[in-house]
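Residues -26 to -1, 1 to 429 (mature numbering (1 follows the signal peptide of the UniProt record, and there is no 0)) are what the sequence shown spells out, left to right. Here is the structure we will look at.
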Amino acid sequence: MYSKTKLLRAILCVLPGLYLCAPARAQLQVNAQLRTRTEFRNGQGAPLAKGADAAFFTSQRTRLGLLYNAYRLKLGLTVQDARVWGQDASTINRTTTADNNGLMLHEAWAEIQLTDTIIKTSALTLKIGRQELVYDDQRLLGNLDWLQQARRHDAALLKYESAAWKLHAGVAFNQNKENAAGTVYNNTPAGNNAGNTNGGAIYKSLQFLYAGRQWANGSASWLLLADQFNKFHYDTTGTVITKTYDKGVWNRVTTGFYFNNSFQQLNVTAAAYYQLGKTNAGQTLRAGMVNLAAAWQFSKKLSLTAGFDYTSGGVSGSGNSKAFDPLYGTPHKFWGFMDYFYAVNGFGNTGLQDYFLKLKWKASARGVLGLDVHQFNSVAAVADPTKPGASNKNFGQELDVIYNYTITPQIGIEAGYSHFFTTSTLAAAKNITNAKGGADWAYLMVNIKPAFLFK
């Protein structure tokens, strides 16, 4: 905690100095965020067992950031604290363990322009440090902003960009500390947050190529991403099972295409990805994902989106995994607001079929109402615990109601209610015995984001 306190004090001291010493053409933008979210959880993420009580709490994200923009240089820095109200005692310094300490450095990066600024039509830049990776609709690479702690990567990113094209190459290599020898990596470091969108471990290393083309009414892109996971095995001594990390890595490759275009009142989004190599547990992998959505704009105030998502699942006859992993994206945006799928709470390797309708109505100049309906099915059959020898694929239906109200450009309020009509198949996939017959979740979020620009 002491080191993090010193970090925060140092940043607060550096801010005035950056501004006073900045060249005449430099700009310094200071931004802040205070976001509270009060939640009622009665089966959010997974059905509750009968007799279990609902949860109620308030979490808060507090951020202080700066963006320094000078000749051929940008510098970004964001300090973040994410915690639950009451997590710390109110009359002493701290009682929270180090693993639960929410104060951290969310972003710390520098972006250097490698080409001369006299070239106005394109730019080649190098961005290094802790940063968010956000691409396309954030299905595979996103900042997971819904979670209070969000997501970031320690990486280097080479970017070529013009008015129409984006060509990016990124690399990352993780280690737990400054080792004297070897590069074995414990990919479940201290903390409560999963490394990927399916509750899995973080990668040891990552490389990706991204090519995107934009035009007046849409865009298309291609992604090739490889991530490696440190090999491990389990040692058993009596009844104690220990996970031991070994030399070497398991390599996984994901590649595919994304497309988005507006045809007057109709907007179409489509994507297809293929995954191969090894899972983070060393199992041979052959998997895929396909999604298609069409949104019709009835008027300036009303739109309706219909679509489906398909992620493969199950095991092949030869024992290979067919379970697609949607990497490091933003699952809350796609597979229901109750985060039953591809979030921290897993659902086995069954794969997912999601058929959805999403209605959006601009109720006023400041208010927007959303209504989403999902039908979830597994891809691979799940044994029905209520009927021995039988199987089922119906996970159930989810209903999400969301209302956003903008008080000012810097102050917003969001409220939501969701209900999941669960099934015994879903409870079995979630490994919940004696589960309740339904699930509810409600929240109220206040988001305050002031920003100041110094020239």
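All C-beta atoms in this analysis are idealised placements derived from N, C-alpha and C, irrespective of residue type, glycine included.
- The DSSP-derived three-state label of T399 is helix.
- For N161, no beta strand (DSSP E) run applies, since DSSP gives it neither H nor E.
- DSSP places K307 within a helical segment (H, G or I) once states are collapsed to three.
- DSSP, read as helix, strand or coil, puts M263 in strand.
- Put simply, of T407, Y417, I406 and K404 the residue whose alpha carbon is nearest the alpha carbon of H393 is Y417.
- Judged by DSSP in its simplified three-state form, L88 adopts coil rather than helix or strand.
- Burial is judged here by how many other beta carbons sit within 10 angstroms of a residue's own beta carbon; D27 has fewer than 16 and is exposed.
- Under the three-state reduction of DSSP, A409 is assigned to strand.
- In this structure A339 is exposed. Its beta-carbon is surrounded by fewer than 16 other beta-carbon atoms within 10 angstroms.
- Segment contact: the region 131 to 141 against the region 256 to 270, fewer than three CB-CB distances shorter than 8 Å; contact not assigned.
- About 34 Å separates the CB atoms of L183 and A154; that is not less than 8 Å, and the two are not in contact.
- Comparing alpha-carbon positions, the option among A413, L240, S273 and K404 lying closest to N319 turns out to be K404.
- Rounded to whole angstroms, the Cβ separation of D346 and D374 is 4 Å, and the two are in contact under 8 Å.
- A buried status is given to K178, since no fewer than 16 other beta-carbon atoms sit within 10 Å of its beta-carbon.
- Where Q34 is concerned, the enclosing beta strand (DSSP E) starts and stops at A29 to A44.
- In the DSSP annotation of this structure, the continuous segment of the beta strand (DSSP E) that includes W189 starts and ends at S179 to W189.
- Inter-segment contact for the region 323 to 339 and the region 271 to 290 is present: three or more beta-carbon pairs are separated by less than 8 Å.
- In this structure the region 122 to 129 does not touch the region 90 to 100; the number of beta carbon pairs closer than 8 Å is below three.
- With distances taken between CA atoms, D110 lies nearest to G192 out of R125, L343 and G192.
- In this chain, the beta strand (DSSP E) harbouring N378 covers S365 to T382.
- Contact between the region 304 to 321 and the region 115 to 125 is present, with at least three C-beta pairs closer than 8 Å.
- With contact defined as three or more Cβ pairs closer than 8 Å, the region 351 to 361 and the region 382 to 399 are in contact.
- Assignment of beta-bridge partners to E81 by DSSP yields T52.
- Taking a C-beta distance under 7 Å as the contact criterion, R11 and M419 qualify as a contact pair.
- In this structure the region 211 to 219 does not lie against the region 194 to 201, because fewer than three pairs of beta carbons, one per stretch, are closer than 8 Å.
- Here the alpha carbon of W83 sits roughly 12 Å from the alpha carbon of G39.
- Looking at the DSSP output, T229 shares a beta bridge with L198 and Y248.
- Here DSSP, grouped into helix, strand and coil, assigns Q61 to coil.
- When A354, Y377, G412 and F350 are compared, the shortest CA-CA separation from L343 is found for Y377.
- The residues Q239 and S277, in chain order, have a CB closer than 7 Å to that of Q271 in the same chain once the five nearest residues on each side in sequence are set aside.
- Counting along the chain, the unbroken beta strand (DSSP E) around K101 starts and ends at S96 to Q105.
- DSSP, read as helix, strand or coil, puts T253 in coil.
- From the listed residues Y159, P362, V353 and T382, the smallest Cα separation to N368 is found for V353.
- Residue environment for V223: buried (at least 16 other C-beta atoms within 10 angstroms of its C-beta).
- If you draw a 10 Å sphere on the C-beta of N161, you find 16 or more other C-beta atoms in it, and that means buried.
- By the CB criterion at 7 Å, A246 and G230 fall inside the cutoff.
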